[in-house]
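Below is one structure, written out as structure tokens; the observations come after it.
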Amino acid sequence: MKKRLALFLFLIVSSTLLINAQQNNIWYFGSKAGLNFNPNGTQPIPAPLQNGAMISDEGCSAISDASGNLLFYSNGITAYNKFHQIMPNGNNLAGDISACQSTIIVPQPGSTNIFYIFTTDAIENAFSKGYNYSIVDMNDDNGNGDIIVKDQLLWLSCTERMTAARHANGTDVWLITNDNNSNTFRSWLITCNGLQATPVVSTVGVILDFSILSNTGYMKVSPDGKQLCQTHFPLNNQTGNVPNFIQLFDFDNTTGQLTNPRSVSNNEASFVCCEYSPDSKFLYLTRPYEKKIDQIEATLPTAAEISLSAVTFSTSRTCYALQLGPDEKIYVFAPAQTLGVINLPNLKGSSANFNQSQIDISPKSSFLGSPSFINDIAYDPNNTFTYTVVGNCNGEVQFNSFSSMPGTVTWEWDFGDGTTSALQNPTHNFVPDGTVYSVTLTMTSSLSCALIKRSRFVKPGGISGEVNYEFVIRCDSNYVRFTNTSKELLDNNSQFIWDFGDGTTSTDLNPIHTFNLPGDYNVKLSTVSVGTCLSKEITKQVDIVQFQISASPSVASIFIGQSVLLSAAGPIADYKWSPSKWLVDSTLKNVVAKPLQDIVYKVTATDDAGCSAEDSVFIKVLQYDDIYIPNAFTPNNDGRNDLLKPLYPGTILLKDFSIFNRWGNKIFTTSQRGTGWNGKVNGNFQPAGVYVWTFQAFDENTQKPVTRKGIVTLIR
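No gaps in the numbering here: position 647 of the sequence shown is 646 in numbering that gives the first Met the number 0, and each next residue is one more.
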């Protein structure tokens, strides 16, 4: 039998590069809302947090340690420690909660205790404070952090835009700012020696000076560090006098320079926020006034091609900020108690799996903004070097190192067999006797305090261990996360191939796949290798079941003493209604309720696989002398709260029920019991907002007229 060489390299990361593993795992935003992306037993990921102390209309930021433990967070005005207490000197920072990107927290490279809080001013203050920074030392205040340098002016000319990106060396950080009414960008470098005083200046692109609102908006750098997107806020551009476009620039994360500006426009669009997919191919843009989100292919060569690639997701609410999470999903922020999620942002169109209200954060809520972070998600330390098996499993391996470190770089290879090399791209001959080797590359630079030390998994000529995988099915969707658990990894001349049983395949190591339809799928994982090296395969059945329920009626009004049937529609499962008060049997799928006061009932269904879903109903209990008219309704044709109508006892004779718009015009009237307004006038949808209603009737019991007046909010 021919001997095969096995090279196994475990990941070694020096302390100077434990930079971003879990530092973005805790978020705080909006009205004391938060998310926790750390694994925690059976808790969902991310899990909503209810312990926040911060309120921010828009920009904010948070930072955790390398293990995902919260350190502190800020809205640009106040800094809170991990116990949600205001830090010493943490009041009255120079940011503003109304600035789109009010603040961003940047760790000093090479340090576990020094952090920069960068802030920018808002349009409400005419940008008078400029860009500023404060420095936090986490060793102070008994390890809870103290602001040791406060509100140092970085640059006076500012906008509401700023962002941070990882340097090409994988260690340092660029802070990118944008001058007011200008096309001047400044890239400030933060190294292990601190913030460098002189920025890299790029004067490029369109000067955004159409109005003061041109200085609001967002900037984001793609995860691969190659592109920057800039948006400006045209406000409600109904008059069309403010150009609607975004600017894309090539970004050099080695030099900090911006070049090659492209203006991408959409005549309909008023773009506000932007965010890149994890693979940097797609760019997502919010259009709050049109209640839409656009997906464009940002890597296409021309602005015209990029614009034509747009795919639009419609929403039923106004969406503002977008933020890429550590789980490689994009989170969508709106003034609401739920967050939207783009679950698979690397996929085009509807395959991206957008859900506008996927995560319930109630009773907390989000507002217009999201937390800001360094674009770390795509940084892969394993890419420091690659290798290729030369020949046919005979032990010869070609190594290739990639470095963008400044200055003179030195390479030190340790092949794990007692031999070393100082070449950048050495070729090494291993003894093909089945020995497992640990190969390590250490790189240093004459101009950088960074030390990069990496080791990699390598397997020349295929796989000799067992092929296997695990999978996790999301109960609330049709996508499945597959994890390759094969005992040995492949070399560069071999690959894994997934066949999902629905006509699609993938060569990703750990793919995420969306099945378009429920059903049973035979998913096969196999290897394809060169020469005579071993290949194997395994097939497992994956069952896709959509697990959702709905409860009806969503809202019911009854008079005291009456009962109402509550129904749950969904798959075979165990159903439980809560609370059980005033229910005949809370364990039935359909129950009878006879409440004595207003109440919300929640129904939860759980199947044998542990998947669960829930929905709720609200019952309004009226006294016999009550006249009830809701204070809000949602006429969106979903069968829930679509009609605004009064509810009153049978002894009341309706004379007139009318609706008036904000200008006092009567737009609806009826004198028939059970008839209501559907939110339309002459078949046309009326805008969301506040309307006035009047109610006139006659009470047969008292022989007196009955008059009521109030307001109702139409929500779309």
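For each residue, glycine too, the CB sits at the ideal point set by N, CA and C.
- If you look at isoleucine 537, you'll find it in the beta strand (DSSP E) that goes 536 to 543.
- Between tryptophan 581 and valine 590, the gap from beta carbon to beta carbon reaches 7 Å or more.
- In the three-state reduction of the DSSP assignment, isoleucine 548 falls in the coil class, being assigned neither a helical nor a strand state.
- Fewer than three Cβ pairs drawn from the region 602 to 612 and the region 508 to 524 lie within less than 8 Å of each other, which leaves the two stretches out of contact.
- One thing to note: leucine 207 has its Cβ no nearer than 7 Å to the Cβ of tryptophan 187.
- Cβ-Cβ separation between alanine 550 and aspartate 614: approximately 4 Å, consistent with a contact (criterion under 8 Å).
- If you look at isoleucine 305, you'll find it isn't in any beta strand (DSSP E); it sits in the alpha helix (DSSP H) that goes 302 to 307.
- CA-to-CA, the gap between valine 541 and tryptophan 497 works out to about 13 Å.
- Secondary structure within the region 96 to 166: the beta strand (DSSP E) runs of 3 or more consecutive residues, fully enclosed, are 102 to 106, 113 to 118, 130 to 136, 145 to 154 and 161 to 165 (chain order).
- Inclusion of valine 310 and lysine 328 in the CB contact set at 7 Å is not warranted, their separation being larger than that value.
- Taking serine 585 as reference, the option from Asp573, Leu595 and Gln596 with the minimal CA-CA separation is Asp573.
- The three-state secondary structure of serine 420, taken from DSSP, is strand.
- Shown here, asparagine 399 sits in a strand according to DSSP, grouped into three states.
- Three or more Cβ pairs drawn from the region 84 to 104 and the region 117 to 128 lie within less than 8 Å of each other, which places the two stretches in contact.
- Residue burial is scored here from C-beta neighbours: threonine 230 has at least 16 other C-beta atoms within 10 angstroms and is therefore classed as buried.
- Arginine 707: member of the beta strand (DSSP E) spanning 703 to 713, first to last residue.
- Under the DSSP definition of a beta bridge, alanine 32 partners with Phe28.
- Membership of arginine 261 in the beta strand (DSSP E) is indicated by the continuous run 257 to 264.
- Residue Leu652 holds the alpha-carbon nearest to the alpha-carbon of aspartate 698 among Gln671, Val680, Leu652 and Phe659.
- Residue range 46 to 48 is occupied by the beta strand (DSSP E) that includes proline 47.
- Assignment of beta-bridge partners to serine 313 by DSSP yields Lys291.
- With three or more CB-CB distances shorter than 8 Å, the region 274 to 284 counts as touching the region 215 to 226.
- One thing to note: asparagine 640 has its Cβ no nearer than 7 Å to the Cβ of isoleucine 537.
- By the Cβ-count criterion, arginine 661 is exposed, with fewer than 16 other Cβ atoms from all chains shown falling within 10 Å of its own Cβ.
- In the assembly as shown, aspartate 95 is a buried residue. Its beta-carbon has 16 or more other beta-carbons within 10 Å.
- With a cutoff of 7 Å on beta-carbon distance, glutamate 296 and serine 308 are scored as near each other.
- For asparagine 39, same chain residues with a beta-carbon under 7 Å away, outside a window of 5 residues either side, are Ala46 in chain order.
- Within its own chain, the residues whose Cβ lies closer than 8 Å to the Cβ of aspartate 359, once the five positions on either side in sequence are excluded, are Pro47, Gln336 and Thr337, listed in chain order.
- Assignment of glycine 663 by DSSP, reduced to helix, strand and coil, places it in the coil class.
- The beta carbon of lysine 644 lies closer than 7 Å to those of Gly673, Thr674 and Gly675 in the same chain, with the five residues before and after it left out.
- Looking from the CA of lysine 149, the closest CA among Tyr132, Asp136 and Glu159 belongs to Tyr132.
- A Cβ-Cβ distance of about 20 Å is found for the pair leucine 92 and isoleucine 25, leaving them out of contact under the 8 Å criterion.
- Taking 7 Å as the cut-off, the Cβ atoms of tyrosine 627 and leucine 642 do not count as close.
- Taking the Cα positions, lysine 291 is about 54 Å away from aspartate 413.
- Shown here, serine 349 sits in a helix according to DSSP, grouped into three states.
- As DSSP reads the structure, lysine 219 sits in a beta bridge with Cys228.
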